[in-house]
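In the working numbering, the protein residues as written are 1 to 68.
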């Protein structure tokens with residue numbers, strides 16, 4: 001599946017939150033891909049999570065309480 005066919009559902013600048021979100025989605029059997037757009041030296045930028053379009057609503061519901 002090409003990246004154009006995936007939907008971004010989450011973005012954060014904290015790697016641990018992105019990994020937690022990915023783990024929550026995996027536990028619900030939703031395939032999720034992390035795209036790390038952070039600069040490797042200065043650590044600015046975001047990490048984005050993409051899912052297949054048919055899982056968008058369910059995935060957003062699963063991770064809705066991740067950031068308090």
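Each residue gets a CB set at the ideal place from its N, CA and C atoms; glycine is no exception. On a predicted model such as this, the values are computed, not experimentally measured, just so you know.
Problem - Alpha-carbon spacing of residue 17 relative to residue 9, whole angstroms - result: Stepping through the chain shown from its first residue, residue 17 is reached at position 17. Stepping through the chain shown from its first residue, residue 9 is reached at position 9. Looking at the two C-alpha atoms, the distance is approximately 13 Å.
Handout entry: Distance, residue 30 Cα to residue 7 Cα
Key = For the purposes of this step, residue 7 is taken as residue 7 along the chain shown, with counting starting at 1. For the purposes of this step, residue 30 is taken as residue 30 along the chain shown, with counting starting at 1. Approximately 13 Å, taken between the alpha carbons.
Exercise for the section: State the start and end residues of the unbroken beta strand (DSSP E) segment that holds residue 8. Expected result: Taking the first residue of the chain shown as position 1, residue 8 is located at position 8. From DSSP, the beta strand (DSSP E) with residue 8 extends over 7 to 12.
Exercise for the section: In the DSSP assignment, find the unbroken alpha helix (DSSP H) run with residue 16 in it and report its ends. Expected result: By 1-based counting over the chain shown, the position of residue 16 is 16. Residue 16 -> alpha helix (DSSP H) spans 15 to 27.
Handout entry: Close Cβ partners of residue 13 (< 6 Å) along its chain, the five nearest in sequence each way excluded
Key = Indexing the chain shown from 1 puts residue 13 at position 13. 46, listed in sequence order.
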